[in-house]
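Written below as structure tokens is the structure these notes are about.
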Amino acid sequence: MKLRDIIRVVEGKVLTEGVNLDMEISCAAGADLMSDVLAFAKPNALLLTGLVNPQVVRTAEMADIAAIVFVRGKMPGPETIALAREKGIPLIAAPYTMFEMCGRLYEAGMASCDLDTKQG
Amino acid sequence: MSQVPQITRIQELIYELPIERVVTRNVITVSPDTTMSELKEILRINRISGTPVVEGGRLVGIISIEDLIKALESGDIQAPVRERMATRVITVQANESVVEAVKKFAQYKVGRLPVVNEHGDLVGILTGGDITRGLLEAIGLDYHAEEISRYRARHIFEDIVSDQTGLILRYHIKPRDFTGGGSASSKIKRALDRLGAPPLIQRRVAIAAYEAEMNLIIHTDNGGELIAEIQPEVIRIVATDNGPGIADIEQAMQPGFSTAPNWIRELGFGAGMGLANIKKCSDSMKLESQVGVGTRLEIVIRIQPVMSSGNAARPSEGQQKQETS
Chain X
1 MKLRDIIRVV
11 EGKVLTEGVN
21 LDMEISCAAG
31 ADLMSDVLAF
41 AKPNALLLTG
51 LVNPQVVRTA
61 EMADIAAIVF
71 VRGKMPGPET
81 IALAREKGIP
91 LIAAPYTMFE
101 MCGRLYEAGM
111 ASCDLDTKQG
Chain Y
1 MSQVPQITRI
11 QELIYELPIE
21 RVVTRNVITV
31 SPDTTMSELK
41 EILRINRISG
51 TPVVEGGRLV
61 GIISIEDLIK
71 ALESGDIQAP
81 VRERMATRVI
91 TVQANESVVE
101 AVKKFAQYKV
111 GRLPVVNEHG
121 DLVGILTGGD
131 ITRGLLEAIG
141 LDYHAEEISR
151 YRARHIFEDI
161 VSDQTGLILR
171 YHIKPRDFTG
181 GGSASSKIKR
191 ALDRLGAPPL
201 IQRRVAIAAY
211 EAEMNLIIHT
221 DNGGELIAEI
231 QPEVIRIVAT
241 DNGPGIADIE
251 QAMQPGFSTA
261 PNWIRELGFG
271 AGMGLANIKK
281 CSDSMKLESQ
291 VGVGTRLEIV
301 IRIQPVMSSG
311 NAARPSEGQQ
321 KQETS
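Have a look at this one:
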């Protein structure tokens, strides 16, 4: 799914400049535990999270996450935005809860980052 | 959110690039003793509309085709340039940045500016075209320099020959520096990218290093050291600290087991998955600890077949876990 379509589905607002809206996102993961994200998110995934600290961007950087959506209208601070800008990771703020956000994206056809069972 | 304007590379360059890098040198000049009649020929032959007037290297004035027309009208064509030139000349300094010239072009609505050095000697003439050309060249150079350093980094292991060549990156990690956490791992990841390591290897190293770095930040009294040793076929990450140490390593390795304080859990860390994640990303992992002394974590990730081949596959899961201690 293109980032442009994701933003439309979650009614999101882009918080960083120069975002390539035609970027293809392969799957999505929702988590507030960064170690969970590091453990199961796939490269080029979309991350939905309720955390807004700079470590969310660090986590995305390490795990090659393509973009981050903050749920429930949460706004990251300037440190988080500055780091995202530096690393070229788009940040999006959207108004719905994590549950509704996942539901909307799932319904729109977004794939889940499945657990790799071999690594169980 | 705060709306920080985005500064483009061009905008940066306008401030960074000195005028002396873009100015046209070896310009045609006349002396104050040149006659207006001689000037007419100089302007005609060189197809120019004006020229700086220089005496002993110093810029003393500027004379234009307009001054020549006035001299013709008043029948003063044999007069020396000295009597007809403009002496109050708007100039720019060679060591100023291009932005100063851009401002003067706009302010005085002139098409060209004489450029002088700190002694008032004429260095050359600057036009808008010079600035455009200079900026384009600088961007090209930037790009080129980046390409060259990338190329050099990729071939470092071929250029430097020894029985075992390795690159050691050492980072001091401060305790409880949550905001800065991950900057060392970020630099390690970037180094691997420059060295041409395959993206999946970069990712595994980055995740393992990041978890180890966060552990140093969250759990140690005095911080610790994160070291990445990069060799053509293997990457070793070592995290060491001097306390407090882990009482039961087997328990610490259990996914979900955690001793992290609440504040760190609220920030999304300390769920007891760090060591499990590290293990998953590594080909082998060794954790040694003694309470009151310190902890040493060693992570090994192999690159197959060699770095810079660009398409090495991730080893199979079976292979990965064999060497885990």
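Chains X and Y, in that order, give the protein sequences. Here this note's numbering is used: the first residue of the first sequence is 1, the next is one more, and so on. Here this note's numbering is used: the first residue of the second sequence is 1, the next is one more, and so on. We put the beta carbon where it would ideally sit given N, CA and C, even for glycine.
When the Cα atoms are used, Y:L200 and Y:I125 turn out to be separated by approximately 53 angstroms. Counting only residues of its own chain and dropping the five nearest sequence neighbours on each side, Y:R84 has a CB closer than 7 angstroms to the CB of M36, I63, D67, A71. Ranked by Cα distance from Y:I28, the options Y:G294, Y:E146, Y:P244, Y:I45 are led by Y:I45.
Residues of the stretch 55-70 of chain X with a Cβ closer than 9 angstroms to any Cβ of chain Y, in chain order: Q55, V56, V57, R58, T59, E61, M62, A63, D64. X:L47 has a beta carbon lying at 7 angstroms or more from every beta carbon in chain Y.
Under the Cβ criterion (8 angstroms, minimum of three pairs), the stretch 86-100 of chain X counts as touching the stretch 55-74 of chain X. Within the stretch 257-279 of chain Y, the residues whose Cβ lies closer than 7 angstroms to some Cβ of chain X are L267, G268, F269, A271, M273, G274, N277, listed in chain order. Listed in chain order, the non-local C-beta contacts of Y:P32 below 8 angstroms within the same chain comprise V53, E55, V60, G61, P80, V81, R82, M85, local neighbours out to five positions each way being set aside. Identification of chain X residues near Y:A206 by a Cβ-Cβ cut-off of 7 angstroms yields M62, ordered along the chain.
Interface annotation, Y:T220: not in contact with chain X, CB-CB separation never under 7 angstroms. For X:L46, the enclosing beta strand (DSSP E) has its first and last residue at 46-49. Chain Y places a beta carbon closer than 7 angstroms to that of X:S35, counting this residue as a contact. DSSP places X:D5 in the uninterrupted alpha helix (DSSP H) bounded by 3-10. The Cβ of X:N53 sits closer than 7 angstroms to at least one Cβ of chain Y. Here the stretch 147-161 of chain Y does not lie against the stretch 97-105 of chain Y, with fewer than 3 beta-carbon pairs under 8 angstroms apart. Sixteen is the threshold: when 16 or more other Cβ atoms of the shown chains lie within 10 Å of the Cβ of Y:F105, as they do, the residue is buried. Using a Cβ-Cβ cut-off of 7 angstroms, X:D114 does not count as an interface residue toward chain Y, since no Cβ of chain Y sits closer than that to its own. For Y:I217, the enclosing alpha helix (DSSP H) covers residues 199-219. Distance between Y:E250 and Y:G294, taken at the CA atoms: about 16 angstroms. Taking every protein chain shown into account, the CB of Y:E41 has fewer than 16 other CB atoms within 10 angstroms, so this residue is exposed. Using a Cβ-Cβ distance cut-off of 8 angstroms, the stretch 239-255 of chain Y and the stretch 280-295 of chain Y are in contact, since at least three pairs of beta carbons, one from each stretch, lie closer than that value.
Residue pairing by DSSP places Y:E288 opposite Y:R296 in a beta bridge.
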